[in-house]
Structures are given as C-alpha cells and as structure tokens.
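First up is the structure itself, then whatever we jot down about it.
Protein chains: 2
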Amino acid sequence: MKRILFLLISLAISTKGLTQGAADSLMIADIYKHSLTQALCYEDLRYLCKQIGHRLAGSPSADKAIAWGERTLVELGVDRVFRMPVEVPQWQRGTKEEASYTYRSEGMEHECFPSLTALGGSVGTPKAIEASIVEVKSLEELAVLGRAGIEGKIVFFNKGLDPMLINTGAAYGGAYPIRGKGPSEAARYGAVGCIIRSLTLGDDDYAHTGATQYNDSLARIPAAALSARASAELSRALKLDSALRFRLHLHCEAKPRRTQYNVIAEWKGSESPDQYITIGGHLDSWDIGEGAHDDGAGIVQSIQVMRTLKQLGYRPKCTIRVVLFINEEFGNDGGETYAAICKTEGLRHRAALESDGGGFTPRGFSCELNDTQFGRFTEWKPLLEPYGLHQFRRGGSGVDIRPLQDDVIGLFGLAVDTQRYFDYHHSGNDVFEQVNRRELELGSAAMASLIYLIDQCGFE
Amino acid sequence: MKRILFLLISLAISTKGLTQGAADSLMIADIYKHSLTQALCYEDLRYLCKQIGHRLAGSPSADKAIAWGERTLVELGVDRVFRMPVEVPQWQRGTKEEASYTYRSEGMEHECFPSLTALGGSVGTPKAIEASIVEVKSLEELAVLGRAGIEGKIVFFNKGLDPMLINTGAAYGGAYPIRGKGPSEAARYGAVGCIIRSLTLGDDDYAHTGATQYNDSLARIPAAALSARASAELSRALKLDSALRFRLHLHCEAKPRRTQYNVIAEWKGSESPDQYITIGGHLDSWDIGEGAHDDGAGIVQSIQVMRTLKQLGYRPKCTIRVVLFINEEFGNDGGETYAAICKTEGLRHRAALESDGGGFTPRGFSCELNDTQFGRFTEWKPLLEPYGLHQFRRGGSGVDIRPLQDDVIGLFGLAVDTQRYFDYHHSGNDVFEQVNRRELELGSAAMASLIYLIDQCGFE
C-alpha cells in the first residue's frame, strides 16, 4: 500500500500541484482502508436479503424494505431523511405457476415439468391453457410465420444471449426485446400464450423473470420464461414430437396502483449546498430470489458511501443525497418521480452515480458527459487505476438516474465485472450467498472515491 | 461483435498493414467464438475435480490424474504425447487431525474444536501434544519474545492478509513467510508446535493448507492452519483465559520420494520447429478440496488452448507444447525438471505461458520481458483490449515455468481477477462449483490469442 501511496503522491505532484493532489490520493487511500476494514454494507445486505428478502414494488415486503432503508439512513446521522411518494404498480405472481407437456418418442410417452416462471406483468390463466408449440428464434422469424403459422398456438422464443459479446450487458440488451415485446408480437398473430428462454448465459435450471410490456392494442396473452435447461429440453422434445401439447397455468394478476416511496438521505454541502450529487440504486427487486445483486448490492453500497465519508469526518462541499429508488424493475417510477420533483424544485445536480450491475469486482465507471467533462474525468485515472479501476467509458449510467439527464452535469454508473451477473439476474439464484464481501466493499470504495473527487473538483 | 471486429480491423490497418493485422483480428475473433461456444475445458474440469478429485503429488490420485492427462492430450491428435519422469515427495495427511482447547469465562468451561488442517510437510504427533499458547502477529514479534517467551509453548501466528493490497496475490505474498518459515522460527525458540491463521481474505470456517519449509538445522515441530473464524475465536478465548491449553494431534507423515510425471503434448512447428512455446499449469493440487481453481483451471485451459487452435485448423510456426506439470505445490519438482531437461536437450524457447491464478475473469497478462520485448508485447494491446484484457504488466509469470527463465525469450502469466482466489486456495472449498464456466473459457481464449500472436509475430 505504501508503494501505491507513493506513486499516487508522485503522480499528483506532477499533475495537479502538491497540496490538492496529495490530499486526493491520501483521502482515496483512507476511503479504501475504511471500506475494506470497517464497512457494514455486507451485513446490511445480509439483513436486506435474509430478514426482508425479495421486495417487488407494490408488495408488503417492499414496504418493509422502505422502513428498513429509512431506519438505516437515519442511523447515518446526516441532515435529513425523508420519503418521497411514488405511485407504483402492483402485480402478484399468485400461488400457482404450473407447466407441463408430454411427448412421444421410442413408442413411449415422456411427461415433463419444466422449470418456469411468469414474466412480470403477465396476465394469468383463469384455468390452464393447452396448445401446441411453435418454436422461433426471433421476432423476425415470428413475423415470417405470420397468422397462418401462429394462430391458436403457444409461441416459444428459444434464443440465448450472444456469448461473443464480452460485456454481458450488451448481450442482455440484444435479447431484451424478446422478453419486452415478444408476448404482444405473438398475440398480434393470434398466439394464445408465449414462453421464452430465460435471458441468461448460465446453463442451469433457474427460470429468470423480468418485465414484459403489453401493447395496449393487442390481446394480453400469458407469458413466462423457461430455464435454459428446460428450454433446451423442450426444443429437443419438439424435434421428436412436433405435435406435443404444452399446458400452462398461471395465477398471476395485476392489482390497482398504490403509493410507495423513494427513501432519501440528504447531507448538506458546506460550500455549494445548492449543488446536488445523488448516489443510488433501486430498493425493489423481482419477487423470486433475494435481489442480492439486483440491486441489493447497489443499495447497500450507496448507503456505505455516505457512511464511509461521514465516518472519515469528511465535510462535503455540495449537498450529497443517497436515494433508494422504488420500482426500477417495472416502469422506473422511482427514477421518473425523483427527476420530475427535482425539476419542479429547480434542483441543480452536479452529478448522479448509480450502482446497478451487481456486487462484483469494480472495473471503473461508465458515464454520460460532454467532451470537455470527459477529458476532466479521465484526469482522475491516475488516482483510481491503482485500485483496479481502468474503465472510463462513455455511454450508460443507470436506469434510475437517467431521467435526471436534462438537469445534471454528469451521470455515472459503477462498471463491474459482468461475467456472472446474468447467471443470477431476476432468478431464484440471486441470493446473498452469491455476493462476495470484498468485491462488494471494493465497489463501495470506488463509488466513494468518485463522489469525493466530484465533490472536491466538480465539473464545469 | 461486428463492431469489435471493425474496430480491430481499423486498428490493425493503421498499425500493422492490412493483411497481417486483419488476419490477427479475425483469428482472435475465431478463437473467442470457438472458446465460448465449443470448448470442452469446463467438462474436463468437472471430470478432473469430480472423478479424480484432489491430487497431491506422490499420491495415487495424482497417478490417476497423470493417466487422465495423458489420455486427454492424446485425444488432441497432435504429434506426440509423452511422460517426463519427475521425482516427487510423498507426504500423507493420515487419518487424524484433531485440535481442541478449553477456556474459562464467566465461571464456566467452554470446550472448542477449531477447524484446523496440517500444513503440507508437517511432522505428525505420535500422541497428542498439549501446551499453552503464545499469540504473535509476525516473525519479528516472535524474535522479540525469544526463548523466554516461547519455550514449551505452541506459537499461534494470528495475522490476516493485508486487505489494502488490491491485488490479493501481493497480500498473500506478504503473509507467505509466516507459513513457510513460521514453524521453524518458532522451533528456534523452543516451541513445541505452531499454528497459523489460514492465509485467506475470507471470513469462514475453512482451514487452508500449503507447504511449510522446515529449516534442517532446527527441530521439526507439528504445524497446522486454523480457519479464519477459528483463529478469531481462539484469539478471543486467549484474552479471556491466557492459560488455556491447546491440544493437537496429527497423523501426518513423510514417505520416501517416488517417481511421477510431467505429461507433455507436442505439436511440431511448420516453419521454426526448433523454437518452442510452452503452455501449462500444474496437475497436482493440495489434498483437501478438489484443486479446481488451483490449478485444475490452468490445466484444462492449457489443454483447451491446443484443442482450440487445432480445431480451428491452425498450423503453428513454432513447436507448441502443453505441459501438465507435477508437484508445483511442494517443491516445484515438475518445473525444475522440465527446465533442466530442456537445457540438456538445448531446446530454445520463444515463450512460456502459465495459468495458475484460478479460473476467474481474465484481465490481461503479466510478463518477464526486456524493454524492447515489452514494447513489442504492448503493441498487441489494441487486439486484446476489446476482450477485456487491459493489464499488460511486467513482473511475474508462473512458478512452473520460471525455471526456464535463462533459456526463454518471454515468460507470461495469465492475469485474472484476484479478489476471490484466496477464499478458495488450498482449502476444502476449492471445488468445481466455485468455477464459472464462462470465466474459465474466457481465460482459455485469452491464452490461445496470446499464443497465436507469439507464434505468428514472435519476439526478437
């Protein structure tokens, strides 16, 4: 560590003048030391995942998470903690999710019960539906088959993420339209149901949920995701017995919208209190698993950033907010509401930073900045690279903070190692045990370091 | 992917001329595609870990691993596969590893059975030893206490890895002397036994073994590692009852050295067959867990490099060898023997590449190169960075290949994300399930890409 400090100080002397440069490198070292030896974020995550569990927006467990978030933020001892009302949807998975099919091969009948979970927002089936399957790889292939090939059937989108995209987020982005639009596009041609291969790079039996968006002008048909393995098995079965009938029974249903809350801690700036820096993640999660990586990690890291800076005796120049956004997963209501209220109140944001890529080893930051600002940002590279932060790339920040874009100088996202994220994402396997303590803490330290630099040096 | 290819081709055109640069970028894309969609290394690792299991040098399971390695290399269909005899030690853990102590607190006796494992090479205790404990943090503190403070006691080195070193390998390197020298240094002052806190950054109940090196001029005392949690508990107990007696019973023992084998596959070069490139890892592991990250991952990745290049129809210019080294863990006999025989035979090595940092996301390469060669090496950065390979740093390669250093132009090590490695290293938790398929495959692809570039472009 001494060697890193020496290097940082040397670099700082050569680029920024002794006083500020040395102070920056020492402060960042203090932030890392605190984060790696005294942070509470891992224990916070344990509580959030194990005592509260998953927390779908609109659900009673999300109410509990909001109360926990408020208590936890109050304990930081900053200037004020408040709730911001947000209207959120209510969708309930219900008690029944059943799927089965029987195929004939070698003169025998083989009965299968695939691992399946309803997509968020799906309508239920008052009684089970049963239909034959048409397997397609893309929305384009669906359109080619048209009504003649689709009507009365269940459409099975069996398309995995592209393994060649090294950033798995890009692979997810490429497959995302199938989940978002697939069910309505299937309905356009008369399908009675829609099942998709889970959007994962893993090869396991976890089904991955996530929101689907119905097109209001088309019939709403039940929609669900099969696990990667169940998808492969169904595809094999269809090759052996293309006439097999798939049975699907879902009890999910939408309920009226209700009020929940963004929870906000505010720490007044000492020099520029009218300039705001927002740090956050989303408190809601899907209703399977524990939302540990998505986005419990971002929540506890954001809280830890403020806790670390506070415990180090830091006095922020700008006003720093930690925002626990509600309902990123199902319409981004928390992010939209926050941005709208900031605009109404005329709040000027210097920056916003989100962590929503999972609690993995941090590799740097994505950002949305203009050329001049980006040049300024990359001047911080020598201060951050010794901590393994090497990515300083433009494009992307976070879903919750993006609605601020018109009223913010800089949007940032914590960029982490992406390889494992979609193994867990939106599945029953996104649990506390999959988060590594040190990786989580390194992420929080990276975030606190960036917030410190933004607060100290700012952007013009 | 198309965008990456376009970028690579553009870069290649600007730096190296159209033909070679474009060929390089296309070949690397092919290597990644093959590695991420058709590689067998994950299934190889499953077999090695689950059907053979741990494989301490000198053990019957290492014999099985050698036979498996030979079969697997033969299936690659390259020019020849052969065994190279290596003399290795035999040390057996035996059937009994027991530790216990009782401390008094609040007027009661508390009996504890800490998680413990003998250090590799430790002598056993014909019958249980029992002695009081002296806790120290360092070899220096031991020396200060001297014979007066140590004699007749069990020394407890309770020093964790430094969490502030972002590269956990550096943290391990800093703590390593305690495991290597601690027991003999304790014996120098009359200790009757030595226990150490496991060399891990994890906070769990796995004890981590690893070699200790006795000083031949001092008494050999039994030596073992406690889990991180058991170390913390023992330290707390000592604060409450400094007179507590620790009981240790180990059945481990050394047996005569015997012959095992490096297993080598050789693929003759088409243009410079007298120039060699060696790729490898170590086939032996410790005798707890399954040696999945250490170094099953490096073994199956090395095999996959040759399989990938072969299946892509590549014709190497140099002669490429995959070497499955035996006994890195306990004296580096395989590496030393290989280098000595290469020297005797006058083999000229263009390069050697090792993977021995676990099957985690690759981040680049470490290397041992002179200034000119390093400059040449970094010219490949634009070809490799799109695949997340950003570290091109001097210093370090691999324990098995380092003995080649006098007769090789370039030594390279696959540099991976280090954060989780020492959670598993040398423990019962280093099992197949801890390795992520995609991360393992990305490592193999990175290695194959570097080998291709070295073979094509070489170093002068």
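Heads up: the sequence lines are chains U and Y, in that order. So for the first sequence, our numbering puts the first residue at 30; every next one is plus one. So for the second sequence, our numbering puts the first residue at 30; every next one is plus one. Think of the CB as a built atom: it goes at the ideal place given N, C-alpha and C, for glycine as much as any other residue. Quick caveat, the model's predicted, so the values are computed rather than measured.
How about residue i: is its C-beta nearer than 8 Å to some C-beta of chain U?
| i | result |
| --- | --- |
| Ile42 of chain Y | Only weak support exists for where Ile42 of chain Y lies, its pLDDT of 48 falling under 50; the value from the coordinates is given anyway. With 8 Å as the cut-off, Ile42 of chain Y does not count as an interface residue toward chain U. |
| Gly417 of chain Y | yes |
| Tyr61 of chain Y | yes |
| Thr390 of chain Y | yes |
| Thr66 of chain Y | yes |
| Leu230 of chain Y | yes |
| Cys396 of chain Y | no |
Less than 8 Å between CB atoms is the rule here; does residue i satisfy it with respect to chain Y?
| i | result |
| --- | --- |
| Asp446 of chain U | yes |
| Ile57 of chain U | no |
| Arg467 of chain U | yes |
| Met193 of chain U | yes |
| Thr154 of chain U | no |
| Leu74 of chain U | no |
| Arg422 of chain U | no |
| Arg258 of chain U | no |
| Arg449 of chain U | yes |
| Leu471 of chain U | yes |
On a CA-only basis, which of the options is nearest residue i? Give me that one, please.
| i | options | result |
| --- | --- | --- |
| Ser471 of chain U | U:Glu374, U:Glu358 and U:Cys70 | Rather than Ser, the amino acid found at residue 471 of chain U in this sequence is Leu. Ranking the options by Cα distance to Leu471 of chain U, first place goes to U:Cys70. |
| Glu294 of chain U | U:Ser395, U:Glu104 and U:Lys93 | The sequence as given places Ala at residue 294 of chain U; Glu does not occur at that position. Per the Cα distances, U:Glu104. |
| Pro285 of chain U | U:Glu116, U:Leu55 and U:Ala51 | U:Glu116 |
| Glu170 of chain U | U:Pro155, U:Ala157, U:Phe186 and U:Lys156 | U:Phe186 |
| Tyr416 of chain U | U:Gln49, U:Gly439 and U:Ser54 | U:Ser54 |
| Ser246 of chain Y | Y:Arg217, Y:Gln448, Y:Ile225 and Y:Leu194 | Y:Arg217 |
| Ala220 of chain U | U:Ile162, U:Tyr201, U:Thr241 and U:Asn196 | U:Ile162 |
| His63 of chain U | U:Arg336, U:Pro251, U:Ile349 and U:Ala248 | U:Arg336 |
| Arg467 of chain U | Y:Phe451, Y:His455 and Y:Ser473 | Y:Phe451 |
| Asp436 of chain Y | Y:Val464, Y:Gly404, Y:Cys371 and Y:Asp446 | Y:Cys371 |
| Lys346 of chain U | U:Asp73, U:Ile480 and U:Glu140 | U:Ile480 |
| Gly325 of chain Y | Y:Ser384, Y:Ala368 and Y:Arg377 | Y:Ser384 |
| Ala236 of chain Y | Y:Ile328, Y:His378, Y:Pro143 and Y:Phe389 | Y:Pro143 |
| Gly386 of chain Y | Y:Leu194, Y:Glu282, Y:Glu262 and Y:Gln330 | Y:Gln330 |
Note down the Cα distance separating residue i from residue j, rounded to an integer number of angstroms.
| i | j | result |
| --- | --- | --- |
| Ala272 of chain Y | His280 of chain Y | 26 Å |
| Tyr76 of chain U | Ala86 of chain Y | 44 Å |
| Ala477 of chain U | Leu312 of chain U | 19 Å |
| Tyr205 of chain Y | Asp303 of chain U | 51 Å |
| Lys231 of chain U | Gly153 of chain Y | According to the sequence provided, residue 231 of chain U is Gly. The question's Lys does not apply to it. Each residue's alpha carbon lies about 45 Å from the other. |
| Ile308 of chain Y | Gly442 of chain Y | 10 Å |
| Leu174 of chain Y | Glu414 of chain U | 41 Å |
| Ile306 of chain U | Trp97 of chain U | 23 Å |
| Asn356 of chain U | Val184 of chain U | 29 Å |
| Ala41 of chain Y | Ile438 of chain Y | A caution first: Ala41 of chain Y carries a pLDDT of 47, below 50, which makes its placement in the model unreliable, though a value can still be read off. The straight-line gap from Cα to Cα measures roughly 25 Å. |
| Leu376 of chain Y | Gly364 of chain Y | 15 Å |
| Ser395 of chain U | His83 of chain U | 28 Å |
| Ser90 of chain Y | Gly149 of chain Y | 17 Å |
| Leu74 of chain U | Glu319 of chain U | 10 Å |
| Asn291 of chain U | Glu72 of chain U | 22 Å |
| Ala381 of chain U | Arg431 of chain U | 9 Å |
| Ala68 of chain Y | Gly239 of chain Y | 31 Å |
| Gly393 of chain U | Gln420 of chain U | 4 Å |
Kindly indicate which three-state DSSP category residue i falls into: helix, strand or coil?
| i | result |
| --- | --- |
| Tyr305 of chain U | strand |
| His419 of chain U | coil |
| Gln289 of chain U | strand |
| Lys284 of chain U | strand |
| Ser161 of chain Y | strand |
| Glu180 of chain Y | coil |
| His455 of chain U | coil |
| Leu440 of chain U | strand |
| Ile430 of chain Y | coil |
| Val445 of chain Y | strand |
| Ser264 of chain Y | helix |
| Glu383 of chain U | strand |
| Phe394 of chain Y | strand |
Please decide whether residue i counts as near chain B, where near means a Cβ-Cβ distance under 8 Å.
| i | result |
| --- | --- |
| Leu443 of chain U | No chain B is present in this structure, whose protein chains are U and Y. |
Every unbroken beta strand (DSSP E) inside the stretch 111 to 154 of chain U [3 residues or more]
126 to 134, 137 to 141 and 145 to 147
What alpha helix (DSSP H) runs, 4 residues minimum, are completely inside the stretch 291 to 372 of chain U?
326 to 340
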